[in-house]
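For the working numbering, count along the sequence shown from 1 and bump the result up by 4.
Beta carbons are placed, not taken as given, at the ideal position from N, Cα and C, and that holds for glycine.
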Amino acid sequence: MSSKPLTEIKTDQECYLKENINLPDGTVVDVKIQLQDENNNDLAIINDTLTISSKKVSLPIQVENLAKQECVVVKYIERLVVSIDVNHDKIYQETEQTIVAVNNEMDEAWLTVSQGQLTFDSEGNDIDGNLYFSRKPHIPHQSDGTVIGNSGITLGRGLDIGGRSESDVVAIFNQAASQCRKISKELSDWLKDGAGKTKQKAYDYWLTLDANVPADKQNITRKMQHVLFENMYEDYVADTKNLTTKKDVCDAYLGGKQIDWDALPQNVKDVLVDLRYVGVYTGSEDARGNTRAKVIPAVYKDQQEGLSGEGSHFYSVMNDSSLWKDDFGVDPNRFDNRISELE
């Protein structure tokens, strides 16, 4: 099998790898397919045979199907190596290999995150063309163009660049690019210029997207979105833990006692972080109200009394629609998602 230049296929794409072989039609040859990770380690090896027809062989390939067949997680597959042995001696020389780069960046597995799924799912959807499609720059706004809160240009599941500098934006995408493919130069330049803009300025700038970035370069991949979220979410977890357990908070709301953060159920942590993620885990300085004064004592009581679910104090606080929907303008779907997370 002759050596071929490196090519690329998407995980959900069906393609045919073809090779001319100067042997009689009907000859059976051995084929080996290797699914490899980023370090060229084999995740699976599939052995099969092909029959020569018209002096060539043709092998249909779809990575998703091979991964399912071999119980391999698609998002870890980076290379596909196909080797053909015409002599049945199981000696696969490098010159007999076709090496194909696997583009797994649009695999649906990237819509699942290691933590914070509540927040990830609440920050948009993956339906291209939908109002809440998250992989294209957008800005939260009302139908009349009024921007919601202090929002800026947002990309992915909650990456708001309105409060970030141009250098912050560059650093964020450079960090993500170490794990996945870079965004286009056109999109990168447009995002840098949009840094720091909020409210009406951000909305007006968002309207310039189509004029500055070709439509086929406006979307980020599912993997890029996944990586951006996971990199951000870690910071929100640390910040939420601090806001929940620091001394002045404990003194103000718990009489000096403290919540054991590490012992909290994961769903409780996820809801607390989600409150912080959208800026409604507030203190006494917020004009809308002090939500930590209600949340922290409730979470502490639940931990002391061993309560969870619908019978918990925290559930009662989170189920207060007047507080969250009326005072803080929380989206009804997000309100319901938080309640469901605690049930």
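- In terms of Cα proximity to residue 53, the closest of 82, 90, 333 is 90.
- It is roughly 22 angstroms from the alpha-carbon of residue 63 to the alpha-carbon of residue 45.
- For residue 254, the enclosing alpha helix (DSSP H) stretches over residues 251-258.
- For residue 200 and residue 172, the gap between their C-alpha atoms comes out near 10 angstroms.
- In chain order, 244 place their CB closer than 6 angstroms to the CB of residue 276, counting only its own chain and leaving out the 5 sequence neighbours on each side.
- When the Cα atoms are used, residue 226 and residue 81 turn out to be separated by approximately 15 angstroms.
- For residue 28, the CB contacts under 8 angstroms within the same chain, skipping 5 residues up- and downstream, are 56 in chain order.
- Under a 10 Å Cβ-count criterion, residue 333 is classified as exposed, with fewer than 16 other Cβ atoms of the shown protein chains found around its own Cβ.
- Short of 7 angstroms from the beta carbon of residue 119, and not among the five residues preceding or following it, lie these beta carbons of its own chain, in chain order: 237.
- Residue 224 and residue 139 do touch by the CB rule: their CB atoms are close to 5 angstroms apart, below 8 angstroms.
- Bounds of the beta strand (DSSP E) holding residue 46 are 46-55.
- Of the candidates 26, 313, 131, 313 places its Cα closest to the Cα of residue 269.
- For residue 305, the enclosing alpha helix (DSSP H) has its first and last residue at 296-309.
- In summary, residue 154 is exposed, with fewer than 16 beta-carbon neighbours lying within 10 Å of its beta-carbon over all protein chains present.
- Put simply, the region 318-328 touches the region 297-307. At least three CB pairs are less than 8 angstroms apart.
- Cβ contact annotation for residue 165 (same chain, cutoff 7 angstroms, sequence separation greater than five): 156, 157, 173, 195, 198, 199, in chain order.
- Under DSSP, residue 137 forms a beta bridge with 129.
- Along the length of the region 133-205, whole beta strand (DSSP E) runs at least 3 residues long do not occur.
- Taking a C-beta distance under 8 angstroms as the contact criterion, residue 210 and residue 143 qualify as a contact pair.
- Non-local beta-carbon contacts of residue 338 in its own chain, meaning distances under 7 angstroms to residues more than five positions away in sequence, involve 126 in chain order.
- Taking the Cβ atoms as the reference, residue 49 lies roughly 5 angstroms from residue 38, within the contact range of under 8 angstroms.
- Measuring C-alpha to C-alpha distances from residue 133 to each of 70, 184, 222 identifies 222 as the nearest.
- Following the DSSP letters along the chain, one finds residue 24 inside the beta strand (DSSP E) bounded by residues 19-24.
- For residue 83, the closest alpha carbon among the candidates 47, 74, 112 is that of 47.
- Setting aside the 5 residues that flank it on each side, residue 16 is surrounded in the same chain by 68, each with a C-beta closer than 6 angstroms to its C-beta; the list follows chain order.
- In this structure, the alpha-carbon of residue 149 lies about 8 angstroms from that of residue 207.
- When DSSP reads this structure, residue 239 sits in no beta bridge, so it has no partner.
- Pairing residue 73 with residue 86 gives a Cβ-Cβ distance that is not under 8 angstroms.
- In the structure shown, residue 42 falls within a coil segment according to DSSP collapsed to helix, strand and coil.
- The C-alpha of residue 60 is placed about 57 angstroms away from the C-alpha of residue 281.
- Annotated three-state conformation of residue 66 is coil, per DSSP.
- In the three-state reduction of the DSSP assignment, residue 105 falls in the strand class, which pools E and B.
- Secondary structure note for residue 85: its beta strand (DSSP E) is the uninterrupted segment 83-89.
- In the structure shown, residue 224 adopts coil according to DSSP, grouped into three states.
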